[in-house]
Structure formats: C-alpha cells, structure tokens
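These notes concern the structure reproduced below.
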Amino acid sequence: MTRLGLTMATDVGLRRQVNEDSAYLTPQVQAIADGMGGHGHGDLASTIAIDVLREFEDTDLGFVVAEIARRLDERAPFGCGTTLTAMRWDGSRFQLGHIGDSRGYLLRNGELRQITRDHTMVQALVDEGRMTAEEAAEHPRRNMLMRALQSGTEPHEPDLSWHDALPGDRYLLCSDGLTDYVEIEAIHNALYSDRETAAAELVALANGAGGFDNVTCLLIDVPCR
C-alpha cells in the first residue's frame, strides 16, 4: 500500500455548540461524515457512520454505506442523518464512496478538481442547465440534500468509483462548513502549504468567513517517488 501523508483539522465554528462532523483517518481509509443538524442528533448519525467504517475498514464501501443505513434505522431517531465521503485504498488506487454534500478534491499538477458531486437540489438544477454554478453557490436552499444517509427513509445509493492516484497528488476531504463559506480560489491557494499548515489555514478561513458551521478538513498526500 502507498505510504500516505495524513492530516486532519476540525473545529466547531463560531456559531454552533456541538461539532456534528466526524472523521476517520488511517493509512487505509479516510472519511468525513457531516451530521445533518437540521434534523437533530446529527452528531449521533455521523458517529454511527464512522463507527461502522472503522468496523469494516477492509470492506467495499457499498457494503459499508448499506450497513450505516441499517444501523441508523436501528439506533437513531427518525430523520437523523449524515453525509459520507470516504476513500479506501488498495495499493496506488482507491475506492471513492460518496453521498451528500461533503466534498472530495484532488490537487494535481497545480490544478484543483472536485472529484465528488453534491447530492443537492441546486446541483441537480445546475446539471439540468436550469441554474448556473454561481447562482447555486448563493442559493438560500443550497444545502437541501436529495441523497443522504437518514434513518426512517428509503435507502439512497452512494456514488462509488475507483481512481488511480499519482505521486504528488494531494486530496482534500471536507465538510460544507468550508466550501459554503470559502471561495474555491482561497482553498486552492491554501493547499500549497505543508499539510499541517494547510489544514489549519482552511479551518481559519472558514472561521474568518463567519464560522457559521462546523468545519472539518482531511488532507491526504501521495508521496513523490
């Protein structure tokens, strides 16, 4: 397995009392789960998601997501939900599992590219050509999810894919507490620092923009040969 460089930073923000983000960071699996605060018990939902991921670290992410959905139904109040964005490594490639509006990015050769697609109403409108990306970013209901892991609802399928990593790649997994409030150019610029500095700077940028939400950032570096 590729020896990865790993760093995480998380903060409750300036307006919340509880951090409903949960994260997992090991050499094999990296993941972020953002509890859905509007439904209550978001911290419980995200914790359940990460606990299942920890238990089944060596398992296909499709099974993991299905098991999270089952345990949410079993252990969480109705409507309790979470996003999940996870990477599971197999040598120099990884499986990406994603549901919700947390995000994954790849910084490669100076270009920053989003490798996940938001499962939101406004993203669906953008995909249909009925709204621009700029309009979506400012829309008051931009966080309305069309797919998530939520107790008491029909299970939603995650996006699952395999990706080849290259030496020098840097991956960012983050909750929407970063991307809702910080411009992508500022995120891009912060990622050129060393991992610890970059992670701290991303959290500081989110708080500097008002700290309206919890924020969590995971940085994963593929070493140069």
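In numbering that gives the first Met the number 0, the protein residues as written are 0 to 224. We put the CB at the ideal spot given by N, CA and C, even for glycine.
(Q) My assumption, with CB atoms under 8 angstroms, is that Thr81 sits in contact with Gly34. Please give the rounded CB distance. (A) Right, their Cβ atoms sit about 5 angstroms apart.
**Asked** Is Ala199 closer than 7 angstroms to Ala8 when the C-beta atoms are compared?
**Response** A contact, by the Cβ cut-off of 7 angstroms.
Does the separation of the CB atoms of Thr115 and Arg102 fall below 7 angstroms?
With a cutoff of 7 angstroms on beta-carbon distance, Thr115 and Arg102 are scored as near each other.
DSSP beta-bridge partners of Phe93
Bridge partners of Phe93: Trp88 and His162.
- [ ] Apply the 10 Å Cβ neighbour rule to Leu190 and answer buried if 16 or more other Cβ atoms are within range, or exposed otherwise.
- [x] A residue is called buried once 16 or more other Cβ atoms fall within 10 Å of its Cβ, and Leu190 is buried on that count.
Exercise for review: Going by CA-CA distance only, name the one from Ala185, Asn213, Ser174 and Gln27 that's closest to Ser91.
Suggested key: Answer by Cα proximity: Gln27.
Problem set entry | Close Cβ partners of Ala123 (< 8 angstroms) along its chain, the five nearest in sequence each way excluded | The beta carbon of Ala123 sits closer than 8 angstroms to the beta carbons of Met145 from its chain, once the five residues preceding and following it are set aside; these are given in chain order.
Near Arg87, what residues of its chain come up, given a Cβ to Cβ distance below 7 angstroms and the 5 sequence neighbours on each side ignored? Within the same chain, Cβ atoms closer than 7 angstroms to the Cβ of Arg87 are found at Gln27, Val28, Leu60, Phe93 and Gln94, the five residues on either side in sequence being excluded.
Practice prompt. Look at the alpha carbon of Ser21 and the alpha carbon of Ile49, and state the distance between them as a whole number of angstroms.
Written response: Rounded to whole angstroms, Ser21 to Ile49 spans 7 angstroms at the Cα level.
Express the C-alpha separation of Phe211 and Ser174 in angstroms, rounding to a whole number.
-> Annotation: Ser174 to Phe211 spans about 12 angstroms, alpha carbon to alpha carbon.
Quiz item: For Val202 versus Val214, is the C-beta spacing smaller than 7 angstroms?
Solution: Yes, they are a contact pair.
Item to check | For Ile114, the three-state DSSP class (helix, strand or coil) | outcome: Ile114: coil per DSSP, three-state reduction.
In angstroms, rounded to a whole number, what distance separates the CA positions of Val125 and Val17? The straight-line gap from Cα to Cα measures roughly 32 angstroms.
Exercise for review: Report all residues from its chain with a CB closer than 6 angstroms to the CB of Asp117; omit the five preceding and five following residues, and keep chain order.
Suggested key: Contacts found: Asp100.
Notebook entry, point to check: Does DSSP classify Gln122 as helix, strand or coil?
Noted result: Gln122 sits in a helix when the DSSP states are folded into three classes.
Next on the checklist: Only counting the same chain, and skipping five residues up and downstream in sequence, which positions put a Cβ closer than 7 angstroms to that of Ser45?
Outcome noted: Once the five neighbours on either side are set aside, the close Cβ partners of Ser45 are Glu19, Asp20, Ser21, Ala32, Asp33, Gly34 and Thr81.
- Query: Nearest-angstrom Cα distance between His162 and Gly128?
  - Reply: Rounded to whole angstroms, the gap between the alpha carbons of His162 and Gly128 is 27 angstroms.
Residue closest to Gly41, alpha-carbon to alpha-carbon, out of Asp10, Ala30 and Pro76: Nearest to Gly41 by C-alpha distance, out of Asp10, Ala30 and Pro76, is Pro76.
#### Entry: Length of the line joining the Cα atoms of Thr196 and Arg169
Inter-residue distance for Thr196 and Arg169 is about 14 angstroms (C-alpha atoms, whole angstroms).
Quiz item: Around the Cβ of Ile183, are there at least 16 other Cβ atoms within 10 angstroms (buried) or fewer (exposed)?
Solution: Burial is judged here by how many other beta carbons sit within 10 angstroms of a residue's own beta carbon; Ile183 has fewer than 16 and is exposed.
| message | I'd like to check one pair, Leu204 with Ala185: are the Cβ atoms closer than 7 angstroms? | response | Contact: yes.
_Buried or exposed by the 16-neighbour rule on C-beta atoms within 10 Å, applied to Ala132_ = When all chains shown are included, Ala132 counts as exposed.
- [ ] Kindly indicate which three-state DSSP category Gly176 falls into: helix, strand or coil?
- [x] Helix, per DSSP.
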